[in-house]
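As structure tokens, the structure follows; a few thoughts come after it.
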Amino acid sequence: MSTSTRTNEEIARTEAEYWDENKLDRTKIKKLRRHSFYYSYKREAKIFDKLIPTFQDKNVLEIGSHSWISWIKGRVEPKKLTCINISQVELNKGINNAKGLPFDTEFHLMDANNLTFDDNTFDVVYGGAILHHLDIEQSINHIHRVLKPGGQILFLEPLNMNPLYKLYRAFNKRERTPDEHALVGKDFRLIRSKFTFDHYFFDFFTVITGFISLKIFGDKNYNNWINKFGYKLDVFFSKIPFLHFLFARAIIYGKKK
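The working numbering puts the first residue of the sequence shown at 2, with every later residue one more than the last.
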């Protein structure tokens, strides 16, 4: 849960303003990501290839409005895809890209901290880099409520347990909205209280080797031995639970308890 003293309504207005007015500046981090995440994105895609087929013919809710373009499109055809977003500009991106899809879609301007759907509505709730913009406890309670018994969750989220990442975020505030809070251990515990819980961790050594690779190659040639070496180290060490706090991102998935 955010430690901010502002209300969720105030936070939601700020979030919408930042996305509607495109206030974020991620120019620097995007260059590093292209190196650091080059192989991680390929691993991520393979994991989604295993997890997302369970969305087939299901009633699916995206917390967000256009992750479906890379997550669902071309992989599965849900019975219906419903998308929400706090930002009208972001919502419109999803609406504009949804034309001609072979399944039903529905888009709503809505705060994920206060879902207005009926109980037991959806088979799946998922989102890409969205939970860390929310009040974790409140949003998780709503997600649990709107899911049918045994319903699934799937989220890809940034983490903020490594002291180095905390320091980086402190000095690069323009890359994120004022109230967002990458996940920490207590957020995992809140999710576990409502859902069975499993995960894949990404990007610790790749951040280091990606930085080196960027300095050597510039913003090009991401497919190189330096990035591959960092990636292989990450795959190995991500299997060791007490090292999970070092990593930058995680895929979280499970079922409603």
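We put the beta carbon where it would ideally sit given N, CA and C, even for glycine.
**Prompt:** Cα separation between glycine 231 and aspartate 204?
**Reply:** In the sequence shown, the residue the question calls residue 231 occupies position 230. In the sequence shown, the residue the question calls residue 204 occupies position 203. Straight-line Cα distance between these residues: approximately 8 Å.
**Message:** So, for proline 159: in the same chain, excluding its five sequence neighbours on each side, which residues have a beta-carbon less than 8 Å away from its beta-carbon?
**Reply:** Position 158 of the sequence shown, counting from 1, holds the residue named residue 159. Around proline 159: Ala130, His133, Ala183, Leu184, Ala249 and Arg250.
**Prompt:** Are the segment 168-188 and the segment 10-26 touching by the rule of at least three beta carbon pairs closer than 8 Å?
**Reply:** Verdict: yes, contact present.
**Message:** Using 9 Å as the threshold, is the C-beta distance between lysine 257 and glycine 151 below it?
**Reply:** Taking the first residue of the sequence shown as position 1, residue 257 is located at position 256. Taking the first residue of the sequence shown as position 1, residue 151 is located at position 150. Yes. Within cutoff.
**Request:** Under the assumption that glutamate 107 contacts threonine 83 (Cβ atoms under 8 Å), give the Cβ distance between them as a whole number of angstroms.
**Result:** For the purposes of this step, residue 107 is taken as the residue at position 106 of the sequence shown. For the purposes of this step, residue 83 is taken as the residue at position 82 of the sequence shown. Yes, they are in contact, since the Cβ atoms of glutamate 107 and threonine 83 sit about 5 Å apart, within 8 Å.
**Asked** So, is asparagine 161 buried or exposed, given that buried needs 16 or more other C-beta atoms within 10 angstroms?
**Response** Here residue 161 corresponds to residue number 160 of the sequence shown, with the count starting at 1. Around the beta carbon of asparagine 161, 16 or more other beta carbons lie within 10 angstroms, which makes this residue buried.
**Asked** Hey, would you say serine 37 sits closer than 9 Å to glycine 219, going by beta carbons?
**Response** For the purposes of this step, residue 37 is identified with residue 36 of the sequence shown, where counting begins at 1. For the purposes of this step, residue 219 is identified with residue 218 of the sequence shown, where counting begins at 1. One thing to note: serine 37 has its Cβ no nearer than 9 Å to the Cβ of glycine 219.
**Prompt:** Does the Cβ of tryptophan 72 have 16 or more other Cβ atoms within 10 Å, making it buried, or fewer, making it exposed?
**Reply:** Within the sequence shown, the letter at position 71 stands for residue 72. Only buried fits tryptophan 72, as 16 or more other CB atoms lie within 10 angstroms of its CB.
**Request:** Using the DSSP secondary-structure output, state which residues sit across from histidine 200 in a beta bridge.
**Result:** The residue given as residue 200 occupies position 199 in the sequence shown. For histidine 200, which the question treats as bridged, DSSP gives the partners Ile253.
**Request:** Give a yes or no on whether the C-beta atoms belonging to aspartate 124 and phenylalanine 198 are separated by under 9 Å.
**Result:** Along the sequence shown, read from residue 1 onward, the residue named residue 124 stands at position 123. Along the sequence shown, read from residue 1 onward, the residue named residue 198 stands at position 197. Using a Cβ distance threshold of 9 Å, aspartate 124 and phenylalanine 198 do not count as a contacting pair.
**Request:** Quick one: grab the DSSP three-state call for aspartate 124.
**Result:** As a first step, residue 124 must be located in the sequence shown, where it is residue number 123. Residue state, collapsed to three classes: strand.
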